[in-house]
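In what follows, a single structure is set out as structure tokens and then discussed.
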Amino acid sequence: MWIALSTIVSYLIGSISFSYLITKKIKKIDIRKTGSGNAGATNTLRVLGTGPAIGVLLLDVLKGVVSILIAQALGLPEWAVALSGLASIIGHDFPIYYGFKGGKGVATTLGVFFMIMPLYALIAGVITLLIIFATRFVSLGSLFFLLAVPVLGWIFHHYSAGALVVTFLITILAFYQHRANINRLIHGKENKLGQKKVQA
Numbered sequence: 001m002w003i004a005l006s007t008i009v010s011y012l013i014g015s016i017s018f019s020y021l022i023t024k025k026i027k028k029i030d031i032r033k034t035g036s037g038n039a040g041a042t043n044t045l046r047v048l049g050t051g052p053a054i055g056v057l058l059l060d061v062l063k064g065v066v067s068i069l070i071a072q073a074l075g076l077p078e079w080a081v082a083l084s085g086l087a088s089i090i091g092h093d094f095p096i097y098y099g100f101k102g103g104k105g106v107a108t109t110l111g112v113f114f115m116i117m118p119l120y121a122l123i124a125g126v127i128t129l130l131i132i133f134a135t136r137f138v139s140l141g142s143l144f145f146l147l148a149v150p151v152l153g154w155i156f157h158h159y160s161a162g163a164l165v166v167t168f169l170i171t172i173l174a175f176y177q178h179r180a181n182i183n184r185l186i187h188g189k190e191n192k193l194g195q196k197k198v199q200a
């Protein structure tokens, strides 16, 4: 019962789209219909600028953090804690409040991974920043982070099999959400950070 409760609450928290709400408040537009069409921090940066983007990033990370804290407070097993994190990411990607059209879940995943695999998330996060700085491809750095964290957890065997399965499911979902970015990266058409936005 507690696992189900934690999972449902985490999904509902994840479904709060701060990029949508903040863009609606400031510009009176739907962020999903401008810029890249993604309801997340990177598109908020393109549409609104640095300040709002940082706010969205932190709030989206917080959704993942809160979902893990709730599961941990309920004393759930490691795999169920990770499952609550996955639920919050699914909420961000497919929010019930906004017609199930959300973002790609990177910031929320960041919060989840830092809560359940802090050391590996820190290592991957530093390398991710270097990749983004060197290439200016946010998507490339994000994809590296999303894959590196569970792989490191698997290699060093510090987590239960159930928790690792859930973290790899998170990565699979994230790669699915980034399928268009992956295609553009392969064909050299992906937008770089600071580049003029392409309309969705």
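Those letters in the sequence shown? Residues 1 to 200, by UniProt numbering.
For each residue, glycine too, the CB sits at the ideal point set by N, CA and C.
The structure presented is a predicted model; accordingly, all values stated were derived computationally and were not measured.
Check: Specify, as a first and last residue, the run of the alpha helix (DSSP H) that I29 falls within.; Outcome: From DSSP, I29 is part of no alpha helix (DSSP H); its letter is neither H nor E.
Check: Name the two residues that bound the continuous alpha helix (DSSP H) containing Y120.; Outcome: P118 to T135
Check: Does DSSP put L193 in a helix, in a strand, or in coil?; Outcome: coil
Check: Just to check my reading of the structure: P95 and S17 have Cβ atoms closer than 8 Å, yes? What is that Cβ distance to the nearest angstrom?; Outcome: 5 Å
Check: If we call anything under 8 Å between Cβ atoms a contact, is S19 one with G153?; Outcome: no
Check: At which residues does the alpha helix (DSSP H) containing N181 begin and terminate?; Outcome: R179 to I186
Check: Note the first and the last residue of the continuous alpha helix (DSSP H) segment covering L76.; Outcome: First-last for L76: undefined, no H or E at that position.
Check: Can you grab the Cα-Cα spacing for the pair K192 / R136, in whole Å?; Outcome: 5 Å
Check: Report the three-state DSSP secondary structure of T34 (helix, strand or coil).; Outcome: coil
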